[in-house]
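A.B. asks:
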Amino acid sequence: MTRILAAGAVIRDAAGRILFVLRGRPPQAGCWSLPGGRVEPGESLAQAAEREVLEETGLVVRALYEWGSIEIPGNGTDVFEVHDFAAEYLSGTLVAGDDARDARWFAAEELGGLTTSAGLVDHLERWGAYP
Numbered sequence: 007m008t009r010i011l012a013a014g015a016v017i018r019d020a021a022g023r024i025l026f027v028l029r030g031r032p033p034q035a036g037c038w039s040l041p042g043g044r045v046e047p048g049e050s051l052a053q054a055a056e057r058e059v060l061e062e063t064g065l066v067v068r069a070l071y072e073w074g075s076i077e078i079p080g081n082g083t084d085v086f087e088v089h090d091f092a093a094e095y096l097s098g099t100l101v102a103g104d105d106a107r108d109a110r111w112f113a114a115e116e117l118g119g120l121t122t123s124a125g126l127v128d129h130l131e132r133w134g135a136y137p
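Right under this line is the structure:
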């Protein structure tokens, strides 16, 4: 089994909505998820989360603290070890980029109707990030 280290971010706007991206590539292609991706060599988990948010959404954020981590099965024997951070919006205009087909803010009551990454809403609830 190959472990792939990744990082993501939970970002809320002034109205309390959470930012999600629609994944364009595996794992989780076609699912709404938190912005995030692989950690590059020499990056900290927090730096990776900040970079991935910028690449996928056009927003500059600051990672504040780690909410928790989850494992997501990849293709074949790969397993993604994803560390998600609470992050603060600093600047930028929301626009989907990189492997995100779309990027949108969602209120808590809207999440039930979305196709999200497996277990995402449960993890957010457990971490106290949702609703």
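Numbering (the working numbering) for the sequence shown: 7 to 137.
Glycine included, every Cβ here is placed at the ideal spot set by N, Cα and C.
Measuring CA to CA, which of 95, 45, 74 is closest to residue 20?
C.D. replies: Looking up residue 20 in the sequence shown gives position 14. Here the closest residue by C-alpha is 95.
A.B. asks: Going by C-alpha to C-alpha distance, which of 121, 35, 44, 73 sits closest to residue 106?
C.D. replies: Here residue 106 refers to the residue found at position 100 when the sequence shown is read from its first residue. Cα-wise, what sits closest to residue 106 is 35.
A.B. asks: Under a three-way DSSP split, which group does residue 15 fall into?
C.D. replies: Here the question's residue 15 lines up with position 9 in the sequence shown. DSSP places residue 15 in strand when its eight states are reduced to three.
A.B. asks: Helix, strand or coil: which one does DSSP assign to residue 22?
C.D. replies: Position 16 of the sequence shown holds residue 22. The answer is coil: DSSP assigns residue 22 none of H, G, I, E or B.
A.B. asks: Among the residues of its own chain, which have a CB less than 6 angstroms from the CB of residue 120, if the five just before and after it don't count?
C.D. replies: In the sequence shown, counting from the first residue as 1, residue 120 sits at position 114. The beta carbon of residue 120 is closer than 6 angstroms to those of 38 in its chain, skipping five residues each way along the sequence.
A.B. asks: Should residue 14 be labelled buried (16 or more other beta-carbon atoms within 10 Å of its own) or exposed?
C.D. replies: Reading the sequence shown from its first residue, position 8 is the one you call residue 14. Classification for residue 14: buried.
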